[in-house]
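Numbering (this note's numbering), first residue to last: 1301 to 1685.
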């Protein structure tokens, strides 16, 4: 009996604890700095926009709900609730709802809850649920003097203009700091569905079935399912390490290899990546075929002269591997377990992890290498049907 009570107490305590995974200090700082910059610049934009936001002696620039919007955009940019449509449309229709109710209903005891209720209804109908929208409507309901002075202008500025500015700034900040915002569903739909065998409609049905459609996007669900499948496969492959699955017989290039040389090697060997090493074998980076393609991707109307110009530095010398190689890849040691490689290949977006012994390149693990190794290991496992 005592053990059962202890289990129940432990479960109750866990249920009121932090619901999410721990976040790194770097990510927390990134979100905090982004919120400061975003709200500061939005205030500057509104204050200098030339739109008349005065109501009596007061200038309406920032409103409290923008703080909640900033939390979503900078701290949870992948959330469906933080996406541009949800933010801009959600805040704007909520503002219109709050203004309408405030102009029609006088008693504050009825006006404020009615404004929020109408705003929630409008957001759900518009498929633009954005929690700060409820606060926007409440702000209107609690500020009848402001609403009567500005009327529907309140919904346009500061609300709509301010939210659009915040979205634009959040998108730019995400790009600069290595995050993705807006996070559109199925940016790479074909690869996502191919990996997990479920299409967008099926994933949407799962979210609706478990009442998670407001909390999680279909792209997030696809990514989580794929990551879980890879992690589960890695449990069977615990004995495997990077040295077991890596490609060791590598074709490498030096840092002074020119782009035409690289193009020839990609064409000859049919690789998608070429490691860059010194004469002594010290790893420097990787040139991916996509890097070369981006340099040569020019319209047919530009002509060969423009194409050739894209292969040159400003001083007229030819670009080399050192100019276009990726030096920020995750790396692994030969004895790194395969389970440690899974998140590297899933999250880096590079498709290859160099394997280093000290600073010497001894191999490279690609997604193809890993899938083939896991398939062989699974087929060889007598416990797997």
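Even for Gly, the Cβ is constructed at its ideal location relative to N, Cα and C.
Anticipated Cβ contact below 8 Å, residue i with residue j, distance rounded
i            : j            : result
residue 1463 : residue 1392 : 7 Å
residue 1361 : residue 1346 : 5 Å
residue 1447 : residue 1403 : 7 Å
residue 1705 : residue 1544 : Residue 1705 is absent from the structure shown; the chain starts at 1301 and stops at 1685.
residue 1651 : residue 1645 : 7 Å
residue 1575 : residue 1467 : At roughly 40 Å, the Cβ-Cβ gap does not stay under 8 Å, so residue 1575 and residue 1467 are not in contact.
residue 1335 : residue 1371 : 7 Å
Under 8 Å between C-beta atoms of residue i and residue j
i            : j            : result
residue 1663 : residue 1550 : yes
residue 1480 : residue 1380 : no
residue 1504 : residue 1558 : no
residue 1415 : residue 1387 : no
residue 1342 : residue 1465 : yes
residue 1638 : residue 1518 : no
residue 1412 : residue 1373 : no
residue 1592 : residue 1629 : no
residue 1587 : residue 1624 : yes
residue 1344 : residue 1473 : no
residue 1401 : residue 1418 : yes
In DSSP terms, what residue i is bridged to
i            : result
residue 1582 : 1660
residue 1573 : 1588
residue 1637 : 1541
residue 1652 : 1666
residue 1547 : 1664
residue 1553 : 1576
residue 1632 : 1655
residue 1626 : 1586
residue 1348 : For residue 1348, which the question treats as bridged, DSSP gives no partner whatsoever.
residue 1504 : Beta-bridge pairing links residue 1504 to no other residue.
residue 1568 : Its beta-bridge partners do not exist; DSSP assigns none.
residue 1558 : 1620
Check: residue i C-beta below 7 Å from any heavy atom of the ligand GTP
i            : result
residue 1339 : Annotation note on the ligand GTP: not contained in the displayed structure, which lists no ligands.
Sequence-distant residues of its chain with Cβ nearer than 7 Å to residue i (five each side left out)
i            : result
residue 1455 : 1392, 1395, 1396 and 1399
residue 1435 : 1364, 1365 and 1368
residue 1581 : 1660 and 1661
residue 1423 : 1390, 1393, 1394, 1429, 1430 and 1433
residue 1407 : none
residue 1331 : 1374 and 1375
residue 1326 : none
residue 1426 : 1389 and 1393
residue 1442 : 1412
Same chain, Cβ closer than 6 Å to residue i, neighbours up to 5 away in sequence not counted
i            : result
residue 1589 : 1566 and 1572
residue 1627 : 1585
residue 1333 : none
residue 1501 : none
residue 1552 : 1575 and 1577
residue 1512 : none
residue 1308 : none
residue 1471 : 1481
residue 1461 : none
Own chain residues within Cβ distance below 8 Å of residue i, not counting five before or after
i            : result
residue 1546 : 1634, 1655, 1662, 1663, 1664, 1665 and 1669
residue 1578 : 1554, 1555 and 1584
residue 1671 : none
residue 1452 : 1396 and 1399
residue 1683 : Confidence at residue 1683 is low in this model, with a pLDDT of 47, below 50, so the placement of that residue is unreliable and no value is reported for it.
Note to self: Report the start-end ranges of each alpha helix (DSSP H) in the stretch 1373–1422 that is 4 residues or longer and not cut off at the edges.
What the structure shows: For the stretch 1373–1422, whole alpha helix (DSSP H) runs of length 4 or above, ordered along the chain, are 1390–1404.
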